[in-house]
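Trainee: Provided herewith is a single structure, encoded as structure tokens, for subsequent inquiry.
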């Protein structure tokens with residue numbers, strides 16, 4: 001046992017030493033590799049192409065005019081910083097570290113950094129050149145933090161309104177690594193600080209706030225000062241002055257290395273005449289004018305932020321680079337900025353839904369109850385009255401209490417459900433006070449949900465103590481209906497559970513990682529462990545024997561919307577060769593629903609295809625109405641993600657693009673004033 005632990009520990013130490021050694025050698029940047037992968041994705045490639053078109057048009061406009069004219073006013077860019085491996089006890093320290101990095105950016109991009117004074121002696125080697133500055137400013141966002149559309153609560157439960165937008169332990173982009181995009185944080189300039197091996201950082205070469213994009217930094221290359229030892233985030237010399245973020249952010253705003261894309265080579269260039277083409281990467285800390293550029297009469301501008309020198313030896317951008325940054329920010333970044341998040345927090349309230357979805361059946365239920373929380377901010381004391389719209393026809397809505405002026409819970413009851421029409425109803429709950437009105441959507445699935453538990457009959461199954469065994473257990477489900485929810489329960493005896501990788505495979509072939517190498521070294525067993533996508537605690541935060549409900553490492557909601565019938569396979573892989581055990585029990589709880597009510601449009605009047613799709617689908621409708629045609633799309637938790645109105649034609653045809661939504665099940669509602677229908681679609 002200890003032999004296995006020792007090997008893993010030594011490997012981890014070696015990786016850490018390698019990563020830290022890179023800090024004391026040469027700068028690294030993963031932009032080129034990131035772009036190569038990004039452009040393989042047709043959706044991301046299309047977005048990049050469109051953004052570059054906007055940028056180049058604006059850059060040309062500015063280059064043809066007076067370079068001193070940068071538009072109207074300074075553009076303020078809100079920043080959010082994410083420490084996925086940070087320690088909540090270090091919040092004050094991590095917030096200060098984040099602010100130190102914002103301070104560096106504000107100085108570097110405005111040419112007000114203290115070490116710009118070195119230019120006075122260096123300028124003799126670069127005749128006619130002066131440092132450039134951009135007309136932008138960065139701020140740590142402090143208000144209107146993103147909320148979970150399911151609960152109405154801020155996505156990081158430890159982050160409060162009025163506090164800087166610094167998340168700790170939040171799994172940005174679900175830890176995907178690529179692309180670093182998180183829809184919760186659209187409109188922010190995101191910085192993600194995590195262990196990325198030997199790289200100091202990486203960024204797309206032309207990023208977007210509209211998709212929640214981010215610049216990623218290693219643990220030792222973010223911020224300045226002594227760092228936060230309790231979270232293992234400590235700036236490491238010679239890259240400890242925050243300049244790696246300055247460099248990577250330049251890429252995000254479409255700046256290239258001085259040697260241009262695909263270099264280093266004198267055959268390539270970054271497109272700016274005031275940055276001498278280097279033909280080589282510049283490392284360490286060369287003295288000004290000591291390196292000859294591709295043109296023999298020019299010197300390499302080694303102190304430029306887009307080169308590879310140490311932090312203490314880079315201290316300026318050029319005017320043309322800053323014109324390009326201004327153009328990119330104005331044309332691509334500014335339109336996507338989330339407004340008002342840098343403004344002081346105003347007294348207000350938050351309504352949070354404690355139920356992501358409530359199921360009901362008109363054949364058996366007379367009412368459905370939703371639970372909410374009401375939270376005041378900044379001593380807000382006005383009386384707030386609750387109301388609702390969107391409930392099924394023929395039902396009534398009551399609230400208890402009907403209003404609140406202090407923090408607490410309230411309920412909404414949908415009454416008289418008996419005989420109501422089957423369907424998915426997005427109900428908007430609104431709180432109204434004298435000065436503030438806020439709403440939240442919840443989903444009533446009035447579809448006669450049936451939840452059944454299925455137990456494997458092939459257990460117990462031994463897990464061998466030799467080799468690296470893989471075992472499987474299969475549950476065959478006969479009823480076939482659309483899946484609304486699936487939960488997995490396991491019992492495993494094993495003397496070293498952090499050697500186990502466990503997955504669930506649906507009949508449709510979707511593989512979801514339930515847990516991988518979790519539990520302290522030497523910890524035993526999974527005992528009555530439930531994997532539930534709607535649980536509160538990630539399995540990665542649990543401790544053996546993991547009794548209770550946990551969010552799996554993968555996403556069980558990817559299975560929602562699939563059909564239930566077929567073989568469900570649990571796979572357990574033991575990646576060590578000294579421990580044994582047994583899979584004692586494997587259970588599935590599967591909740592399915594009846595199909596939606598019969599459409600008001602007949603099959604020859606209405607169709608939607610393809611289904612499943614990649615987020616783009618076509619709606620065909622033969623309408624006898626003269627009213628406009630309205631198309632709305634909701635996710636399974638009732639959040640509206642698309643809405644548009646179209647001029648009616650007798651043979652209506654429209655392509656809907658959901659703009660890179662996550663895979664899963666969605667509800668599409670189409671109406672023409674006389675008729676209305678809702679269909680489910682699956683985005684793969």
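Numbering (UniProt numbering), first residue to last: 1 to 684. Ideal Cβ positions, reconstructed from N, Cα and C, are used throughout, including at glycine.
#1: With the cut-off set at 8 Å, would you say residue 104 and residue 199 are in Cβ contact?
#2: Within the continuous beta strand (DSSP E) that includes residue 170, where are the two ends?
#3: Can you list, in chain order, the stretches of the alpha helix (DSSP H) that have 4 or more residues and sit fully within the UniProt domain "P/Homo B" (449–596)?
#4: Would you say residue 234 and residue 217 are within 8 Å of each other, going by their C-beta atoms?
#5: What three-state label does DSSP hand residue 425 in the structure shown?
#6: Pick from 164, 253, 129: whose alpha carbon is nearest that of residue 299?
#7: CB-CB under 7 Å to residue 52, same chain, minus the five flanking residues each way: which ones, in chain order?
#8: According to DSSP, which residues form a beta bridge with residue 139?
#9: What residue does the beta strand (DSSP E) around residue 616 start on, and which one ends it?
#10: Any C-beta of chain B sitting closer than 8 Å to the C-beta of residue 271?
#11: Less than 8 Å separating the beta-carbons of residue 304 and residue 258?
#12: Would DSSP call residue 676 helix, strand or coil?
#13: Could you give the distance in angstroms between the alpha-carbon of residue 501 and the alpha-carbon of residue 114?
#14: The beta strand (DSSP E) that contains residue 439, what's its start and end?
#15: Does the Cβ of residue 318 have 16 or more other Cβ atoms within 10 Å, making it buried, or fewer, making it exposed?
#16: Once the 5 residues before and after residue 465 are set aside, which same chain residues still bring their CB inside 7 Å of it?
#17: Counting beta carbon pairs with one atom in the segment 558–571 and one in the segment 504–522, are three or more of them shorter than 8 Å?
#18: Give the C-beta separation of residue 683 and residue 664 to the nearest angstrom, bearing in mind that I take them to be a contact with Cβ-Cβ under 8 Å.
#19: To test your reading of the DSSP string, which unbroken alpha helix (DSSP H) runs of 4 or more residues are found completely within the segment 251–300?
#20: What residue from 617, 482, 512 has the CA that sits closest to residue 561's CA?
#21: Among residues of its own chain, excluding the 5 on either side of residue 264, which ones have a beta-carbon nearer than 7 Å to its beta-carbon?
#22: Quick check on residue 620: buried or exposed, where buried means 16 or more other Cβ atoms within 10 Å of its Cβ?
#23: Please report the straight-line C-alpha distance between residue 59 and residue 48, rounded to a whole angstrom.
#24: Report the residue from 161, 87, 231, 589 whose alpha carbon sits nearest the alpha carbon of residue 451.
#25: Would you call the segment 248–256 and the segment 223–239 touching, i.e. three or more CB-CB distances under 8 Å?
#26: Select from 669, 550, 367 the residue whose C-alpha is nearest the C-alpha of residue 763.
#27: Return the first residue and the last residue of the beta strand (DSSP E) that residue 359 is part of.
#28: From 34, 449, 479, 401, pick the residue whose C-alpha is nearest to that of residue 214; which is it?
#29: Would you call residue 42 buried or exposed, if buried means 16 or more other Cβ atoms sit within 10 Å of its Cβ?
#30: Closest by CA to residue 177, which one among 308, 660, 195?
#31: Could you pull the start and end residues of the alpha helix (DSSP H) that residue 100 belongs to?
#32: Output the distance between the C-alpha atoms of residue 157 and residue 650, rounded to the nearest integer angstrom.
#33: So the beta strand (DSSP E) residue 667 belongs to, where does it begin and stop?
#34: DSSP has residue 430 in a bridge; who is on the other side?
#35: Just reading off the beta strand (DSSP E) that residue 214 is part of, what are its end residues?
#36: Work out the CA separation of residue 343 and residue 187 for me, nearest whole Å.
Mentor: Inspection of the coordinates gives the following:
#1: Their beta carbons are not under 8 Å apart, which means residue 104 does not touch residue 199 by this criterion.
#2: Note, residue 170: premise wrong, no beta strand (DSSP E); not H, not E.
#3: Correct list: empty.
#4: Taking 8 Å as the Cβ cut-off, residue 234 and residue 217 do not qualify as a contacting pair.
#5: Three-state DSSP puts residue 425 in a strand.
#6: If we check each option's Cα against that of residue 299, 129 comes out closest.
#7: Listed in chain order, the non-local C-beta contacts of residue 52 below 7 Å within the same chain comprise 206, local neighbours out to five positions each way being set aside.
#8: For residue 139, DSSP records a beta bridge to 78.
#9: Counting along the chain, the beta strand (DSSP E) containing residue 616 begins and ends at 616–622.
#10: Going by chain labels, chain B is absent from the structure shown, which holds only one protein chain.
#11: It is a contact, given that the beta carbons lie within the stated cut-off.
#12: Assigned with DSSP and collapsed to three states, residue 676 falls in strand.
#13: C-alpha of residue 501 to C-alpha of residue 114: approximately 51 Å in a straight line.
#14: Counting along the chain, the beta strand (DSSP E) containing residue 439 begins and ends at 437–446.
#15: Buried: at least 16 other Cβ atoms inside 10 Å.
#16: Once the five neighbours on either side are set aside, the close Cβ partners of residue 465 are 578, 579, 580.
#17: Output reads yes: the segment 558–571 touches the segment 504–522.
#18: With a Cβ gap of about 6 Å, residue 683 and residue 664 count as contacting.
#19: If we require 4 residues or more, the segment 251–300 turns out to have no alpha helix (DSSP H) run fully inside it.
#20: Cα-wise, what sits closest to residue 561 is 482.
#21: 278, 279, 280, 281, listed in sequence order.
#22: Result: exposed.
#23: Cα to Cα, the separation comes out at about 16 Å.
#24: Of the residues 161, 87, 231, 589, the one whose Cα lies closest to the Cα of residue 451 is 589.
#25: Between the segment 248–256 and the segment 223–239 there are fewer than three C-beta pairs closer than 8 Å, too few to call the two in contact.
#26: Examination of residue 763 is not possible in this model, given that the chain is present from 1 through 684 alone.
#27: Residue 359 -> beta strand (DSSP E) spans 357–360.
#28: Closest by alpha carbon: 34.
#29: With fewer than 16 other Cβ atoms within 10 Å, it is exposed.
#30: If we check each option's Cα against that of residue 177, 195 comes out closest.
#31: Judged by DSSP secondary structure, residue 100 falls within the alpha helix (DSSP H) whose first and last residues are 91–110.
#32: Roughly 50 Å separates the two Cα atoms.
#33: Run containing residue 667: 664–671, per the beta strand (DSSP E) assignment.
#34: BP columns for residue 430 point to 387, 439.
#35: Here the beta strand (DSSP E) through residue 214 covers 214–217.
#36: Rounded to whole angstroms, residue 187 to residue 343 spans 15 Å at the Cα level.
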